[in-house]
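Protein chains in written order, with my numbering: chain A, 1 to 188; chain B, 1001 to 1101.
Ideal Cβ positions, reconstructed from N, Cα and C, are used throughout, including at glycine.
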Amino acid sequence: MLVIMIIFGVLTLASAFGVVLSKRSLHSALCLVATMFFIAIHFALLGADFLAALQIMIYAGAIMVLVVFVIMLLGLDQVVDQQSFSIPRVFSFILAATFAGLIAYSATSQKVVEFSKGVVGRTGAETAKGVGHLLLTDYFFAFQAIALLLLAAIVGAVVLAHDKRRPLAKGRGLKAMHTATTSVAGEE
Amino acid sequence: MTLITQYYLLLSGILFSLGAVGVLTRRNAIVVFMCIELMLNSVNLSVVAFSRELGDPHGQVLVFFVIAIAAAEAAVGLAIILTTFRNFYSVAVDEVAQLNG
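See the structure below:
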């Protein structure tokens, strides 16, 4: 089992390097989609099957599609980032390597390993039924708040991204909208 | 901490560092945004690893909320990038500097 986890871990790291180091932003986006898929596989290997499905549906299926939309809309797939070895770049690499080294040390040091209770594994609460039960009992307020947050985010995104140079429809009401859409359809 | 949890903590730490390098280093605002998403995913991975070891499904509910909040953040953040592009005709983070000085 650990061998499979290590294989997929190496693949995850490879695609994460692709995200950070790609010269074209579209390559970064596609590498990030691959990383999301590999992380969903890791979730499934750790027994969190509902979360694996959610990760693919929401992250790889909705968020990354939105990012690719924006990249293509702004025409950034033609732009090539010039990479160069400057002082801030080297410094950030050293900083990140130090951080990763600290995490590696704390993950494998003897004092932390002794904090071991043994693995409980699957408790039956990792399925959609289990997580859904928790969401609707213990975390009900947070669940409703998340729904409100998503609504606010959608409204905010539509307001921000609306292009004011192009009017939506002359006049108001259903008749104006109907006329606007059928005239466009008539041209095609 | 069992060996598998140690391994996932290590993997999560390396992914987080990679995302941090990307945020600090890249010029393109959308690539910076994608590296932030990479950091969020690395934290999700470590929370799920600990949730498996301790047998606590509350960790997975936390990951559910993190995914939902990341979706909302993606919508608003990309709308901001779109609006910035319309006004400055550039998404380079060092060129959009009118508030400086």
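Residue 70 (chain A), buried or exposed, once every other Cβ within 10 Å from all chains shown has been counted against 16: Residue 70 (chain A) is buried by the Cβ-count criterion.
Reduced DSSP secondary structure (H/G/I, E/B, other) of residue 16 (chain A): DSSP places residue 16 (chain A) in helix when its eight states are reduced to three.
Contact under 8 Å by Cβ, residue 1081 (chain B) with residue 58 (chain A): Not a contact, by the Cβ cut-off of 8 Å.
Proximity of residue 149 (chain A) and residue 1036 (chain B) at Cβ, strictly below 8 Å: No.
Alpha-carbon to alpha-carbon, residue 126 (chain A) and residue 1026 (chain B): Rounded to the nearest angstrom, the two C-alpha atoms are 37 Å apart.
Contact set for residue 1009 (chain B): own chain, Cβ-Cβ below 7 Å, skip 5 residues either direction: Scanning its chain for C-beta atoms nearer than 7 Å, with the 5 sequence neighbours on each side dropped, one finds around residue 1009 (chain B) the residues 1046 and 1049, in chain order.
Distance, residue 1013 (chain B) Cα to residue 106 (chain A) Cα: Using only the alpha carbons, I get a separation of about 10 Å.
Residue 96 (chain A) (DSSP reduced to helix, strand or coil): Here residue 96 (chain A) sits in helix by DSSP.
Identity of the residue in A:96, A:46 and A:130 nearest residue 1016 (chain B) by Cα: Relative to the Cα of residue 1016 (chain B), the nearest Cα in the group A:96, A:46 and A:130 belongs to A:96.
Short-range partners of chain A found in the segment 1018-1036 of chain B, where Cβ spacing is below 8 Å: The segment 1018-1036 of chain B vs chain A, Cβ under 8 Å: 1018, 1019, 1020, 1021, 1022, 1024, 1025, 1026, 1027, 1028, 1030, 1031, 1033, 1034 and 1035.
Length of the line joining the Cα atoms of residue 44 (chain A) and residue 1095 (chain B): Rounded to whole angstroms, residue 44 (chain A) to residue 1095 (chain B) spans 42 Å at the Cα level.
Of the listed residues B:1086, B:1006 and B:1072, nearest to residue 162 (chain A) (C-alpha basis): Of the listed residues, the one whose Cα sits closest to residue 162 (chain A) is B:1086.
Among A:31, A:104 and A:26, nearest to residue 1007 (chain B) - alpha-carbon criterion: From the listed residues A:31, A:104 and A:26, the smallest Cα separation to residue 1007 (chain B) is found for A:104.
Beta carbon proximity, residue 1098 (chain B) to chain A, threshold 8 Å: It does not; no Cβ of chain A falls within 8 Å.
Contact set between residue 1091 (chain B) and chain A, taken where Cβ atoms lie within less than 7 Å: Those within 7 Å of residue 1091 (chain B) in chain A are 74 and 76.
Cβ separation of residue 1064 (chain B) and residue 90 (chain A), assumed to be a contact under 8 Å, to the nearest whole Å: 39 Å between Cβ atoms; not a contact.
Those residues which DSSP pairs with residue 29 (chain A) across a bridge: DSSP output for residue 29 (chain A) lists no bridge partner at all.
Validate contact between the segment 74-83 of chain A and the segment 36-51 of chain A using beta carbons, cut 8 Å, 3 pairs: No, because fewer than three Cβ pairs between the segment 74-83 of chain A and the segment 36-51 of chain A fall closer than 8 Å, the two stretches do not touch.
Chain-ordered neighbours of residue 136 (chain A) on chain B, where CB pairs are closer than 7 Å: Within chain B, no residue comes near residue 136 (chain A); the closest Cβ sits about 11 Å away, beyond 7 Å.
Same chain, Cβ closer than 8 Å to residue 213 (chain A), neighbours up to 5 away in sequence not counted: The question about residue 213 (chain A) has no answer here: the residues shown for chain A are numbered 1 through 188.
Length of the line joining the Cα atoms of residue 102 (chain A) and residue 1004 (chain B): Near 18 Å, if we compare the C-alpha coordinates of residue 1004 (chain B) and residue 102 (chain A).
Simplified DSSP state of residue 48 (chain A), which is helix, strand or coil: In the displayed model, residue 48 (chain A) falls within coil according to three-state DSSP, outside both helix and strand.
Beta-carbon proximity check, residue 19 (chain A) vs residue 32 (chain A), cutoff 8 Å: A distance below 8 Å separates the beta carbons of residue 19 (chain A) and residue 32 (chain A).
Euclidean distance between Cα positions of residue 87 (chain A) and residue 94 (chain A): Rounded to the nearest whole angstrom, the C-alpha separation of residue 87 (chain A) and residue 94 (chain A) is 11 Å.
Between the CA atoms of residue 108 (chain A) and residue 1077 (chain B) - distance to the nearest angstrom: Inter-residue distance for residue 1077 (chain B) and residue 108 (chain A) is about 37 Å (C-alpha atoms, whole angstroms).
Residue interval of the alpha helix (DSSP H) (run including residue 1028 (chain B)): Looking at the DSSP string, residue 1028 (chain B) is not in any alpha helix (DSSP H), and its letter there is neither H nor E.
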